[in-house]
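One structure is given below, encoded as structure tokens.
Protein chains in written order, with the UniProt record's numbering: chain A, 1 to 791; chain B, 1 to 791.
See below:
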């Protein structure tokens with residue numbers, strides 16, 4: 001039970017934070033209300049959100065207390081949108097903001113600067129973006145509060161992550177499955193997540209589902225989601241209940257109760273050997289939207305309705321009555337008790353603020369790069385496949401990579417700072433070897449029939465791409481390393497999350513006080529060209545098109561053509577920072593082209609001429625055959641083989657692209673080749689017949705500033721698909737070897753009569769192969785005539 | 001209680017369906033096992049999925065019975081992935097497949113063709129794609145079973161939608177929030193959704209969360225989600241329980257119980273005036289994965305484990321022992337009792353099959369285009385704003401459109417076949433006028449303070465883009481019309497759903513028996529250029545880049561530059577069929593450029609020269625200034641104004657693009673302009689300075705085959721954003737009028753000295769404006785010098 005002094009200190013901090021939040025929304029000047037408000041003190045455009053603010057400041061205030069009284073290692077995730085004013089107010093109050101931005105001190109000067117900077121051109125955002133100390137979750141696009149919280153808690157056994165969930169956000173799909181994180185949280189090796197569902201009842205324009213279902217139904221739902229909820233509120237979210245002092249007391253008691261339960265559960269698991277999943281505690285906090293704000297405006301209720309979502313008083317600059325209302329509102333927090341004449345918070349108010357790095361905004365887990373350790377990557381040569389000659393052997397690239405991942409999991413067994421996340425596809429994607437190093441983490445029932453499930457496994461599989469992505473993001477943002485592997489066709493499910501993470505990385509790179517965080521690594525496999533039985537819905541190579549729209553500093557795309565090159569790509573990308581690496585690789589048997597040393601060089605260069613497949617030795621080629629991706633590489637090499645055999649006089653250069661973002665010029669992407677190198681590889685005037693893994697126009701978009709770009713003829717996936725064989729699929733999309741040869745013939749001027757005959761022969765072979773496939777249901781067994789020796 | 005004959009008939013149908021499913025997976029020939037299986041009867045590649053099949057055939061079998069006994073109007077949604085063999089078997093048995101595909105009759109010939117076609121190159125998919133009669137939900141990308149089901153049920157008061165949810169799918173975010181559809185289903189005007197959660201316990205490689213949490217927890221969850229669950233199973237999903245006869249009886253009883261409750265709830269609401277949301281019934285069906293399939297293979301349990309997910313017996317063609325196992329398995333269904341010597345199903349087996357269009361696969365709601373009625377669109381002139389001259393007035397385009405939408409809602413008040421879906425953004429997007437016609441549909445508590453909530457409203461707002469999209473898809477697929485409006489930045493949340501819908505449309509267009517369905521209309525507003533207080537996370541114009549990768553037949557993209565053009569676009573797209581229309585329009589005050597007649601012509605042409613803003617009258621222009629999008633149009637017109645004033649001798653042509661897919665050539669898109677028209681508009685040799693709404697490289701990708709494409713210099717969003725004013729944002733991204741003028745000067749050879757001076761002046765003005773914004777927090781009031789009169 002809070003004593004009188006504690007209650008007073010909490011309430012003072014809360015009032016101060018609310019005052020500062022209102023100030024951020026409205027004021028350009030006169031931050032301490034040293035004189036009556038005048039129109040020129042008001043921002044010309046008032047742009048911000050009040051509705052969620054008082055609830056967020058309330059929670060922050062109380063988290064301070066329990067951190068201090070329990071010496072907690074705690075971070076917070078602010079799920080509700082537009083929570084910026086609340087968080088900024090709180091971290092300015094506790095000093096972190098001024099330590100991070102010394103030009104905004106904790107006094108009247110700083111307060112004025114804070115107010116002017118908020119929601120001002122080029123200033124502070126209204127969300128908890130990377131500019132905000134203590135934030136690792138913006139709350140711009142809603143839905144990821146819980147998955148981020150679980151990601152942060154994994155392998156941080158001492159950490160408590162308070163995750164505030166807005167009742168609007170709670171309606172989203174990602175949040176709705178985010179609750180299931182508790183079936184994957186190991187009470188021994190992981191920290192705790194404390195969900196705080198904030199029911200303030202309204203979104204922008206509507207009530208929320210969670211606030212308008214019967215309380216009994218809500219309780220069943222939360223229990224069914226694996227929690228033991230505690231309810232706190234002032235009676236109703238309509239604000240006619242018990243009032244702040246009672247809510248302070250109830251919330252403080254609820255927090256203590258939940259943290260006791262968390263301690264008990266962790267102790268039972270860690271010391272008592274209890275393996276049953278605990279029913280983790282959580283809090284439901286019901287308060288009025290816009291609590292403590294204007295009750296009625298223009299005769300209509302505002303507080304405790306959706307009308308306080310944004311600014312509850314509009315027209316303040318022009319309407320003296322409204323201006324007076326604003327001043328009354330701000331004075332209702334009794335600023336004279338909260339700040340001294342120089343704008344410094346008065347002593348008692350800060351009584352509950354934790355010390356130093358224990359402050360929510362100063363906890364290093366919320367600036368996770370500071371905790372990052374270099375990844376102990378094994379050398380790739382150990383896993384390399386022997387290549388006696390190009391195409392002499394076949395391997396499953398992802399299976400080869402799995403060996404490296406297994407040993408990386410072993411090397412991090414004690415450190416526990418590397419994890420793999422997958423939507424139930426580890427085995428399907430030929431990565432089973434990772435289970436030799438660790439199990440699949442799983443806190444629901446385990447039966448004797450199960451294989452490789454374990455309480456402490458560091459591979460997490462669940463059929464939710466949203467959880468996989470959100471968990472990985474939370475894990476990376478707190479300084480650890482990881483990989484997300486998915487079927488290529490289904491990673492667009494998290495397109496928007498990848499967008500937002502790229503935006504976070506760009507913003508975070510712009511803050512010198514933020515340390516670089518480990519790269520977000522995607523391994524996309526089971527790709528578009530090998531959906532033999534899954535058909536059209538499983539064929540979508542478009543994720544890359546979305547990723548390459550993001551800030552070039554933050555994105556890389558690799559298309560390794562074989563197993564060794566995949567290893568080399570992994571070595572070059574897994575330990576990078578502040579990046580999104582997209583790696584697209586096959587799981588099916590794939591011909592080996594490059595010995596490991598060549599593969600490493602190939603990745604370092606990004607684009608290479610493959611001399612052994614070319615016939616232009618020392619000359620300018622007549623034509624360039626280029627490929628990016630494993631299946632296009634196979635078809636391009638087969639086309640080169642056909643040309644060697646049938647048009648031996650033609651000088652063909654074969655170019656392979658593994659690092660896709662070498663293609664644009666350096667002013668468009670930091671990996672871009674300079675023009676001289678690009679021109680030397682592709683020529684400026686010869687036809688380039690290009691086989692690309694994805695939608696072909698992406699290549700045109702990347703090279704449109706290059707000399708000779710008009711000579712590129714790109715073959716790729718043209719959205720023609722069905723249930724069929726790999727070869728039939730390349731035929732349908734015009735990427736097959738015969739079509740490539742025909743294109744070479746059509747694009748190369750001055751060929752002899754034999755070329756015309758060859759063109760006809762290619763058409764016949766194409767039709768024959770197609771017929772065979774349709775009749776027999778499989779690719780032709782002899783479809784291996786790509787052989788580099790041209791036999 | 002089932003009598004003996006009913007039970008026997010149900011079991012026979014189920015065995016027959018399972019037999020046919022196994023046949024589809026394995027057999028090329030010998031479909032009736034007229035002789036012992038030989039290797040050549042087996043497909044060379046066995047590609048398909050058994051695990052989910054027996055559960056799906058079981059449900060289908062039982063739905064047949066209740067449709068017949070109750071004369072139900074019912075469709076089904078098969079959520080679990082790879083459900084193709086089950087559905088195909090069932091609809092071949094009931095005759096629908098042969099009616100749809102007469103070349104596959106219901107006899108031994110047809111059975112052989114069905115088997116050979118399944119998962120065969122170019123044949124039937126393993127999912128319930130558009131090729132499958134009775135399907136409106138493929139189950140390829142998982143997560144949408146419930147949202148599709150609710151979408152189908154809205155405004156279909158007599159329809160019952162049985163939605164089978166796999167326990168794998170249940171882990172996805174979209175499905176997790178899909179349950180909340182019941183807070184939006186009006187028991188008076190809508191039909192019923194009967195969720196059937198099928199717990200077979202495993203995904204590809206792991207158990208499922210829903211099958212491994214305690215039963216009490218599952219029960220709380222389902223009750224908390226608003227349902228009253230009935231449990232059916234053979235004791236455990238390990239298959240050691242009561243066996244099929246008991247499960248038949250229990251499931252039949254459960255279905256009758258649930259359908260009684262549905263009838264009661266609907267009657268209470270429709271006749272008794274009950275307005276409380278019912279606790280809708282649902283079924284939890286727990287059966288072994290791969291039920292009735294091989295129990296153990298190679299000493300390891302297969303049935304009732306994840307090992308029966310795909311094909312439980314592999315290597316059948318090469319291993320005589322396995323071949324015998326397969327034959328034993330197939331004969332365990334006693335095919336001799338199920339089919340006569342000609343392969344026709346024997347009489348008793350079909351006893352429960354409903355008649356004609358009552359069959360699940362023949363119900364017209366599952367081929368919704370057959371029920372489509374033309375939309376009673378009001379004429380656009382009624383809503384047009386008066387335009388006395390270009391830029392003389394300002395309107396909020398979406399607010400103008402809202403008038404038309406309001407009246408469309410009124411005109412469909414009785415038909416109830418048009419709905420709007422939005423993630424809590426109707427008011428925010430200036431569409432409030434629609435509430436003059438109808439409320440927001442809402443079945444949770446309604447309080448006196450609420451506005452425009454109603455039980456029967458036809459606008460549905462929920463903070464789940466997944467539900468909005470899924471509901472709309474279900475609504476369209478059953479032949480009704482609708483619109484999804486969203487902030488532009490957050491529609492990428494449903495990128496993958498749009499991908500999949502486009503794929504469905506392409507496949508559906510290829511089936512002559514499928515009638516065209518109404519277009520999926522997106523109204524994307526609150527767009528990238530006007531996120532003044534929301535900042536970087538709310539700036540993402542990339543959705544279009546993803547959409548334009550889809551089959552050109554299925555996609556359209558419109559960027560109306562003002563209110564009247566938005567009206568004209570709406571008129572041209574709302575009543576289209578088999579399309580995805582993406583309309584990007586502003587909600588902020590926007591200058592009016594075109595009188596309605598010109599706007600209609602502009603949309604019909606797609607690209608127009610705006611003579612009133614051009615100075616090239618009758619001549620070849622020196623430069624073309626082109627725009628697509630409202631903000632680029634403003635900047636381009638302002639640049640043209642500056643050029644008119646300062647370089648009066650320069651012949652400038654201003655071109656506006658409203659239909660983006662006029663830009664590619666006709667072989668790339670059906671809307672593509674022919675080269676002659678394109679060249680006449682843009683010239684083949686003059687610089688084209690192009691202002692585009694989104695990522696600029698999209699324009700290059702669309703025009704790379706055009707003559708003169710090297711002369712295009714595109715300015716657009718380059719992922720440079722923050723909390724700032726509209727003008728600052730265009731400056732940061734190089735799309736502002738000054739930058740455009742500078743680009744014109746840089747690209748136009750032979751300009752006089754005045755141009756050099758102007759270039760310098762533009763740089764100064766740009767900096768001045770920028771400083772003003774940073775100091776005052778708002779755009780310059782005089783930033784209106786785009787005026788067409790050039791003053």
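A virtual CB, placed ideally from N, CA and C, is assigned to each residue, including glycine.
Best match in the options for proximity to residue i [C-alpha to C-alpha]
i, options, result
"residue 473 of chain B", "B:498, B:205, B:459", "B:498"
"residue 575 of chain B", "B:374, B:619, B:46", "B:374"
"residue 243 of chain A", "A:10, A:588, A:450, A:291", "A:291"
"residue 218 of chain B", "B:283, B:138, B:486", "B:283"
"residue 215 of chain B", "A:211, A:209, A:224", "A:224"
"residue 158 of chain A", "A:183, A:180, A:188, A:678", "A:188"
"residue 120 of chain A", "A:156, A:362, A:749, A:47", "A:47"
"residue 253 of chain A", "A:753, A:613, A:99, A:66", "A:66"
"residue 358 of chain A", "A:25, A:33, A:657, A:95", "A:95"
"residue 600 of chain B", "B:609, B:572, B:578, B:613", "B:572"
"residue 609 of chain B", "B:35, B:683, B:270", "B:683"
Limits of the unbroken alpha helix (DSSP H) element including residue i
i, result
"residue 772 of chain B", "753-776"
"residue 403 of chain A", "397-411"
"residue 88 of chain A", "84-93"
"residue 6 of chain A", "4-26"
"residue 62 of chain B", "53-70"
C-beta contact flag for residue i and residue j at 7 Å
i, j, result
"residue 650 of chain A", "residue 642 of chain A", "no"
"residue 686 of chain B", "residue 624 of chain B", "yes"
"residue 204 of chain B", "residue 164 of chain B", "no"
"residue 434 of chain B", "residue 402 of chain B", "yes"
"residue 481 of chain A", "residue 417 of chain A", "yes"
Element boundaries [beta strand (DSSP E), containing residue i]
i, result
"residue 485 of chain A", "481-487"
"residue 608 of chain B", "607-609"
Bridge partners - residue i, DSSP secondary structure assignment
i, result
"residue 296 of chain A", "A:301"
"residue 692 of chain A", "A:628"
"residue 454 of chain B", "B:441"
"residue 73 of chain A", "A:159"
Heavy atom of the ligand HEM within 6 Å of residue i beta-carbon
i, result
"residue 267 of chain A", "The ligand HEM is not part of this structure, which contains no ligands at all."
Check: Using a Cβ cut-off of 7 Å, which residues of the region 687-709 of chain A contact any Cβ in chain B, in chain order?
Finding: Correct list: 695, 697, 700, 701, 704.
Margin query: Please list, in chain order, the residues of the region 440-451 of chain B that have any C-beta partner in chain A closer than 7 Å.
Written below: Taking 7 Å as the Cβ-Cβ cut-off against chain A, the residues of the region 440-451 of chain B that qualify are 440, 444, 445, 449, 450.
Item checked: Against chain A: residues of the region 251-264 of chain B by CB proximity under 8 Å -> Taking 8 Å as the Cβ-Cβ cut-off against chain A, none of the residues of the region 251-264 of chain B qualify.
Notebook entry, point to check: Which residues, in chain order, does the region 511-537 of chain B contribute to contact with chain A at a C-beta distance below 9 Å?
Noted result: Those residues of the region 511-537 of chain B that come within reach of chain A (Cβ to Cβ, closer than 9 Å) are 532, 533, 534, 535, 536, 537.
Next item on the list: Could you list the residues in the region 95-120 of chain B with a C-beta less than 7 Å from some C-beta on chain A, going in chain order?
Entry: Along the region 95-120 of chain B, going in chain order, the ones with a CB nearer than 7 Å to a CB of chain A are 119, 120.
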